[in-house]
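Heads up: the protein sequence lines correspond to chains A and B, in order.
Heads up: the first sequence runs through residues 0 to 303, numbered per numbering that gives the first Met the number 0.
Heads up: the second sequence runs through residues 0 to 368, numbered per numbering that gives the first Met the number 0.
For reference, the structure is listed below as structure tokens.
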Amino acid sequence: MASVSHAGPLDAQLSAALREFCAQQYEHSGARKFSIDEAELAGILDEVAGRCNRTATASDLRTFLASLCLEDLVLARACARGHESAWEIFLLRFRVTLYESAYKIAREESAARELADSLYAELYGVNATGEVRTSKLRYYQGRGSLQGWLRTVLAQEYVNRYRSTRREASLDEALDAGRQFEAMEPDVSVADPRAEAAATVELEALEPEERLLLAAYYLDRRTLADIAKLMGVHESTISRRLERVTSGLRKRIRKRMIQSGMSPRQADEAMQDVDVRDLRIKVKETLRQETPEGAFYKEKDERR
Amino acid sequence: MNQELPKPLRNALARQAGDEVHPSPDVLTSFVERKLPGNEQDLVTSHLAQCADCREVVFLASGAAEDVAPERLELAGAAAPRRRWRLGLSWAVAAVAVLIVSGVLVWERFVPSQTASRVTSMGQPLGSAQRPLPPPPAEPETLAKSARSEFSAPKTSPALTTKGVSPKGVEKHPLVPVMAAPPAGESAQTLTAFEDKAELAAPAPVRQNAFAPNRADATPHAVVHPVNPMMYLQPDAVPHAVVPPVNPMMPLLGASATRWQWRVSADGHLEHLGATDEWTRVLADEATTFHVVSVVGSNVWAGGSGGALFHSSDGGENWSRVAIATSSGGAETGTIVSIQFRDAQDGVVITGGGSRWSTSDGGATWTLQ
């Protein structure tokens, strides 16, 4: 049995809970057919639980372990180890899905194929230059389905690529457009700092889901259908919620501005719906929530 | 809602600083699949509100979880022009319906004495048989061969058998192809191969042609077959399969026919094709990733992650969760990847771990084989 290394007084209880779970689920997990014994399974689960920092109590650990997609996790780890039978199953189950998902993400045949091919190479554990590395499947933790994880990794890779190509292309585009010596346009959108402060405070007071809703709809221009699908509710629910959040927010911000010394008329003027196009400001630059270079999630190359 | 946000508010929204650390793909996947515990859900939601890149990722991943786009199916060389065919069919059906309604109105106006009897005849609930049932659409063995060639895994070729047909009542002896279980050791490969094929399975010509003899009967005046004709060709366990309404007369058969259309979506949702020709999610409250749905008569069985097994005996109106009790006193928790029922009582359920459970009393008790 692999040692279960958790610091603290709960070590024994956690180890016992983990062993108990492994004993119960070993047969159902499909680990046997991939030549993964019970001890190895315990090691995998120990690592996953440790990474997710969900080992406060034995009960928590049991709940967490029960929530894992165990069969997918075992399959991914078996693939990462190069088990042929596991790869056969993986290919049969996910090959088509992978390419379909890549197409839906990239919306273009060649880009989709390139995206899926590159991920395949990483899943096999070989990078673009043929250098052997750890299979990307090694990082799958089983918290969501393997199919969903593959979609997320594809999407992440696509966003990474898009962001890097966007930076590279921007200068070329500017040169092509003959705007290389274009002077920066002055930002004339000087808002009252009291209005900005009131908006910031009230925005922070919103529920996380409400803020996500606003950002997705007003910043990203997502459709109600897209947001509804992500949140698992009907479009009309999203529509109503948006209406409620924005109207409530307007009222509270106005009230806060008046409390900070602005007259009702000044507050109303500050709250006017200003069409940013009229202000000749760069909308994208104003709204963009740029992520710092290199901050996007990357797994550490951990070899065991 | 469609109006712009006030500029101070929008600026504040855009200024929200993203965290340095982004959630892992695992966590984002769990978020998309709504499996995160409450506190973690809030943390991730909060991060997403601030991080445009992670929002992009989850929306792309969520969008990619939709059904396979028809144009992609065509690119994969697996699709017949189903949508165009269905579109054309829907127009044809609408035209026929208009003609029939007009005809009935004209008939009612000029021949009032005969109308009453005709209305009485048409007023029978769908499924009520007043004439002898039409003969089976084709020779069962022929259909079984077609179905076998279309759905079975390439190597294992599970035996497809059929039960006998009684001309007196199909409900008692449903002619349902039975997908025999693969060998225990090969269950995963067999099923996944099957799933892979089934996902891209296009409505094969044999399906449409098989019902050609029935088209003449399927007028509004004809007696509607009490059992969905699709059942003759529909495998009783189709993991992740989309079972399209390929019967050309389906719109005329009404809700009693289309109610048999079930599928498991790519993201593990159980879905039902309603009378409006739209897929509706069923058992949405259950935190189960479904893998397989099986239909036998009015009995619908659906299975998925964590040993979740659901049964409806009334075509999906009401559901009950079925626990497969193990000898140790617990319940089966392996993912259910195959459900095969010969009739309402006898069936076999297979888990991803290879466990094979059988029942002969409609799921009340289970035996590990």
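Just so it is clear, CB atoms sit at the ideal spot from N, CA and C, and this is done for glycine as well.
Straight-line CA distance for residue i to residue j?
{"i": "Ile88 of chain A", "j": "Lys135 of chain A", "result": "17 angstroms"}
{"i": "Leu13 of chain A", "j": "Thr279 of chain B", "result": "42 angstroms"}
{"i": "Leu251 of chain B", "j": "Gly315 of chain B", "result": "Because the pLDDT at Leu251 of chain B is just 32, under 50, the model does not fix this residue reliably, and the point stays unresolved."}
{"i": "Ala91 of chain B", "j": "Gly296 of chain B", "result": "29 angstroms"}
{"i": "Gln260 of chain B", "j": "Leu272 of chain B", "result": "5 angstroms"}
{"i": "Ser264 of chain B", "j": "Glu113 of chain A", "result": "26 angstroms"}
{"i": "Gln344 of chain B", "j": "Gly333 of chain B", "result": "22 angstroms"}
{"i": "Thr133 of chain A", "j": "Val281 of chain B", "result": "40 angstroms"}
{"i": "Ala194 of chain A", "j": "Ala266 of chain A", "result": "8 angstroms"}
{"i": "Gly305 of chain B", "j": "Ala64 of chain B", "result": "21 angstroms"}
{"i": "Leu42 of chain B", "j": "Val347 of chain B", "result": "42 angstroms"}
{"i": "Val232 of chain A", "j": "Val105 of chain B", "result": "47 angstroms"}
{"i": "Lys6 of chain B", "j": "Ala196 of chain A", "result": "12 angstroms"}
{"i": "Asp225 of chain A", "j": "Leu202 of chain A", "result": "23 angstroms"}
{"i": "Glu331 of chain B", "j": "Arg137 of chain A", "result": "28 angstroms"}
{"i": "Gly247 of chain A", "j": "Ala51 of chain B", "result": "24 angstroms"}
{"i": "Thr151 of chain A", "j": "Ala215 of chain A", "result": "18 angstroms"}
{"i": "Ala48 of chain A", "j": "Gly362 of chain B", "result": "35 angstroms"}
{"i": "Ala57 of chain A", "j": "Asn159 of chain A", "result": "38 angstroms"}
{"i": "Glu277 of chain B", "j": "Glu270 of chain B", "result": "9 angstroms"}
{"i": "Met230 of chain A", "j": "Val31 of chain B", "result": "8 angstroms"}
{"i": "Val294 of chain B", "j": "Tyr157 of chain A", "result": "39 angstroms"}
{"i": "Cys78 of chain A", "j": "Leu211 of chain A", "result": "36 angstroms"}
{"i": "Arg220 of chain A", "j": "Ala286 of chain B", "result": "30 angstroms"}
{"i": "Glu209 of chain A", "j": "Arg239 of chain A", "result": "12 angstroms"}
{"i": "His268 of chain B", "j": "Ala105 of chain A", "result": "24 angstroms"}
{"i": "Ala94 of chain B", "j": "Ala274 of chain B", "result": "18 angstroms"}
{"i": "Val200 of chain A", "j": "Gln271 of chain A", "result": "19 angstroms"}
{"i": "Thr222 of chain A", "j": "Ser45 of chain B", "result": "20 angstroms"}
{"i": "Ser61 of chain B", "j": "Gln146 of chain A", "result": "12 angstroms"}
{"i": "Leu12 of chain B", "j": "Pro207 of chain A", "result": "12 angstroms"}
{"i": "Ser109 of chain A", "j": "Gly102 of chain B", "result": "54 angstroms"}
{"i": "Ala192 of chain B", "j": "His21 of chain B", "result": "Legend: pLDDT at Ala192 of chain B = 30, less than 50; position of this residue unreliable, value from coordinates given subsequently. Cα-Cα distance, rounded: 36 angstroms."}
{"i": "Arg249 of chain A", "j": "Arg243 of chain A", "result": "10 angstroms"}
{"i": "Ala38 of chain A", "j": "Ala204 of chain A", "result": "48 angstroms"}
Quick one: residues in its chain with C-beta nearer than 8 angstroms to the C-beta of residue i, no 5 flanking neighbours on either side, listed in chain order?
{"i": "His82 of chain A", "result": "Phe33 and Ser34"}
{"i": "Ser326 of chain B", "result": "Leu367"}
{"i": "Ser144 of chain A", "result": "Cys68 and Asp71"}
{"i": "Tyr98 of chain A", "result": "Ala111, Arg112 and Ala115"}
{"i": "Gly177 of chain A", "result": "Here Gly177 of chain A scores only 47 on pLDDT, less than 50, and its place in the model should not be relied on; the value that follows carries that caveat. If we look at Gly177 of chain A and ignore the five residues flanking it on each side, it has no Cβ neighbours."}
{"i": "Glu118 of chain A", "result": "Inspection of the sequence shows that residue 118 of chain A is occupied by Leu rather than by Glu. Closer than 8 angstroms at the Cβ level, and outside the excluded window around Leu118 of chain A, lie Leu97, Ala101, Lys135, Leu149, Val152, Leu153 and Glu156."}
With a threshold of 6 angstroms on Cβ separation, who are the neighbours of residue i within its own chain once the five nearest residues in sequence on each side are excluded?
{"i": "Lys144 of chain B", "result": "Confidence at Lys144 of chain B is low in this model, with a pLDDT of 42, below 50, so the placement of that residue should be treated as unreliable; the coordinate-derived value is given next. Result list for Lys144 of chain B: empty, nothing under 6 angstroms."}
{"i": "Arg76 of chain A", "result": "Ile43"}
{"i": "Thr306 of chain A", "result": "Residue 306 of chain A lies beyond the stretch modelled for chain A, which goes from 0 to 303, so this question has no answer here."}
{"i": "His310 of chain B", "result": "Trp300, Ser319, Val321 and Gly362"}
{"i": "Ala154 of chain A", "result": "Ile104"}
{"i": "Ala16 of chain A", "result": "Ala57, Leu60 and Arg61"}
Counting only the same chain and skipping the five closest in sequence on each side, list residues whose C-beta sits under 7 angstroms from that of residue i.
{"i": "Ala198 of chain A", "result": "Ile252"}
{"i": "Val56 of chain B", "result": "Leu27"}
{"i": "Arg54 of chain B", "result": "Leu47"}
{"i": "Asn317 of chain B", "result": "Ser311"}
{"i": "Asp360 of chain B", "result": "Gln344"}
{"i": "Ser29 of chain B", "result": "Leu35"}
With distances taken from CA atoms, which of the options is nearest residue i?
{"i": "His27 of chain A", "options": "A:Leu211, A:Thr96, A:Glu268 and A:Val73", "result": "A:Val73"}
{"i": "Ile323 of chain B", "options": "B:Ala286, B:Trp356 and B:Thr44", "result": "B:Trp356"}
{"i": "Ala101 of chain A", "options": "B:Leu59, B:Val100 and B:Ile99", "result": "B:Leu59"}
{"i": "Phe340 of chain B", "options": "B:Val321, B:Asn10 and B:Trp300", "result": "B:Trp300"}
{"i": "Arg80 of chain A", "options": "A:Phe93, A:Ser259, A:Tyr98 and A:Leu122", "result": "A:Leu122"}
{"i": "Pro192 of chain A", "options": "A:Glu37, A:Leu229, A:Met256 and A:Tyr216", "result": "A:Met256"}
{"i": "Thr358 of chain B", "options": "B:Gly328, B:Gly351 and B:Val321", "result": "B:Val321"}
{"i": "Ser337 of chain B", "options": "B:Gly328, B:Thr350 and B:Gly329", "result": "B:Thr350"}
{"i": "Leu35 of chain B", "options": "A:Leu64, A:Glu268 and A:Cys21", "result": "A:Leu64"}
Entirely enclosed beta strand (DSSP E) segments - the stretch 296-364 of chain B, minimum 3 residues: 298-303, 308-311, 335-340, 346-350 and 355-358
Chain-ordered residues of the stretch 249-268 of chain A with a beta carbon less than 8 angstroms from chain B: Arg249 and Ile252
Contact residues within the stretch 53-67 of chain B, judged by C-beta distance below 9 angstroms to chain A: Cys53, Arg54, Glu55, Val56, Val57, Phe58, Leu59, Ala60, Ser61, Gly62, Ala63, Ala64, Glu65 and Val67
Alpha helix (DSSP H) segments (min. 4 residues) lying fully within the stretch 34-100 of chain A: 37-51, 57-66 and 69-79
Contacting positions in the stretch 199-219 of chain A - beta carbon closer than 7 angstroms to chain B: Thr199, Leu202, Pro207, Glu208, Arg210, Leu211, Leu213, Ala214, Ala215, Tyr217, Leu218 and Asp219
Contact list for the stretch 322-355 of chain B against chain A, Cβ threshold 8 angstroms: Gly329, Glu331, Thr332, Gly333, Thr334, Thr350, Gly351, Gly352, Gly353 and Ser354
Near-chain B residues of the stretch 221-244 of chain A - C-beta to any C-beta below 8 angstroms: Arg221, Asp225, Lys228, Leu229, Gly231, Ser238, Leu241 and Glu242
Residues of the stretch 26-45 of chain A whose Cβ lies closer than 9 angstroms to any Cβ of chain B, in chain order: Glu26, His27, Ser28, Gly29, Ala30, Arg31 and Lys32
Entirely enclosed alpha helix (DSSP H) segments - the stretch 208-245 of chain A, minimum 4 residues: 223-230
Interface residues of the stretch 132-145 of chain A facing chain B [CB-CB below 8 angstroms]: Tyr138, Tyr139, Gln140, Gly141, Arg142, Gly143 and Ser144
Residues in the stretch 55-70 of chain A having any Cβ partner in chain B nearer than 9 angstroms: Thr62, Phe63, Ala65, Ser66, Cys68, Leu69 and Glu70
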